[in-house]
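Take a look at the structure:
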């Protein structure tokens, strides 16, 4: 069976990544591409690397006949996404890549994103889209909220350790480096080549990054009490990739075993041999996440390092993985491509 797919926000990086992934999918056909700012244009002119594909032209959302669509990916900015999704047919399956349905508490959403939630009916049915930990709920969902790319990386490293009670919950330091595509495709002065290249800087210092809302929500739910991590993101002059270095108090060998046992059957999570560290070079363009563990010279401390591609496993690949589950397709379909190297 072939399912008809719509992508809203197809002129952005995550939209283009969805198209690239669906190109290798045996059960999905792209029926409509929404992109209001570039409506009327051909995808070959917006993204020349996709010119070999037979794709519909970009149109406004109002021009799409959703009665012909089986599943819609919504790759729009937060705030816009909830307004759009509230107007879509109530029976349409949706995977949202924005932040609008990640936080279950509307007060937390307003705190982190600065505006009231405008689609609480849809929020009530949304399932958090971290596939490896919400698989059963995602299968039965109509609306899935994709995670933040930084939030996904940190959770892959830490969720099993919190569940197993292996680390000090009051002493978690998460140092994360993210490539520039995580900031989206909009023109921004600080992302110009001359401003960004040959440099490397921290941002959202002091606990102001919005993905902390996801860490607080998910880690506290696992632990059964409030858990707050110390988190500093850094922008690196690379197109793709996230590398998270997590410093914890706990036995490094036990931490490694817990991660291995958690992910042993997971097709996209690879725990490296003890003492090895992953690199963003080795997951680029793929839906894989590599995790490494080592001890520290300070007794009783461990270092966990996780790497994934922010556009694939951190966003569009995760979205396709969830869509496969929602449509009853093999979860790995369209996602087993090898990483790009060098």
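Residue numbers (UniProt numbering): 1 to 342. Even glycine gets a Cβ: it sits at the ideal position worked out from N, Cα and C.
- For residue 43, the enclosing alpha helix (DSSP H) starts and ends at 43-46.
- The beta carbon of residue 35 lies closer than 6 Å to those of 10, 11 and 58 in the same chain, with the five residues before and after it left out.
- DSSP places residue 176 inside the beta strand (DSSP E), whose first and last residues are 173-179.
- DSSP places residue 142 outside both helix and strand once states are collapsed to three, so it counts as coil.
- Non-local beta-carbon contacts of residue 138 in its own chain, meaning distances under 6 Å to residues more than five positions away in sequence, involve 127, 144, 322 and 325 in chain order.
- For residue 235, the pairing in a beta bridge is given by DSSP as 178 and 201.
- A straight line joining the alpha-carbon of residue 212 with that of residue 201 spans about 19 Å.
- Around the beta carbon of residue 198, fewer than 16 other beta carbons sit within 10 angstroms, so the residue counts as exposed.
- Annotation: residue 339 to residue 225 spans about 38 Å, alpha carbon to alpha carbon.
- With contacts defined as CB atoms closer than 8 Å, residue 242 and residue 307 qualify as a contacting pair.
- When the five nearest sequence neighbours on each side are left out, the beta carbons in the same chain lying within less than 8 Å of the beta carbon of residue 120 are those of 106, in order along the chain.
- Membership of residue 308 in the beta strand (DSSP E) is indicated by the continuous run 301-308.
- Residue 238 has its alpha-carbon roughly 21 Å from the corresponding atom of residue 46.
- With a threshold of 16 other beta carbon atoms within 10 Å, residue 28 meets it and is buried.
- For residue 5, the secondary structure class from DSSP, reduced to helix, strand or coil, is strand.
- By the criterion of a C-beta distance shorter than 8 Å, residue 180 is surrounded in its chain by 191, 196, 235, 236, 237, 238 and 239, once the five residues flanking it on both sides are discounted.
- Per the C-alpha coordinates, the member of 319, 331 and 290 positioned closest to residue 153 is 290.
- Proximity of the stretch 263-278 to the stretch 169-179 falls short of the contact definition, fewer than three beta-carbon pairs being nearer than 8 Å.
- Residue 184 and residue 150 have their C-alpha atoms some 14 Å from each other.
- Counting the other CB atoms within 10 Å of its CB gives residue 73 a total of 16 or more, which places it among the buried residues.
- Each of 281, 328 and 333 was checked against the Cα of residue 309, and the nearest Cα belongs to 281.
- Cβ contact annotation for residue 2 (same chain, cutoff 8 Å, sequence separation greater than five): 27, 28 and 29, in chain order.
- In the three-state DSSP reduction, residue 147 falls in the coil class, being neither helix nor strand.
- In the structure shown, the three-state DSSP call for residue 53 is coil.
- Membership of residue 215 in the alpha helix (DSSP H) is indicated by the continuous run 212-223.
- Residue range 120-125 is occupied by the alpha helix (DSSP H) that includes residue 120.
- Short of 7 Å from the beta carbon of residue 220, and not among the five residues preceding or following it, lie these beta carbons of its own chain, in chain order: 226 and 227.
- Residue state for residue 208 is assigned as coil, using DSSP reduced to three classes.
- One thing to note: residue 93 has its Cβ no nearer than 8 Å to the Cβ of residue 76.
- The straight-line gap separating the alpha-carbon atoms of residue 296 and residue 284 is approximately 28 Å.
- When DSSP states are grouped into helix, strand and coil, residue 136 belongs to the helix group.
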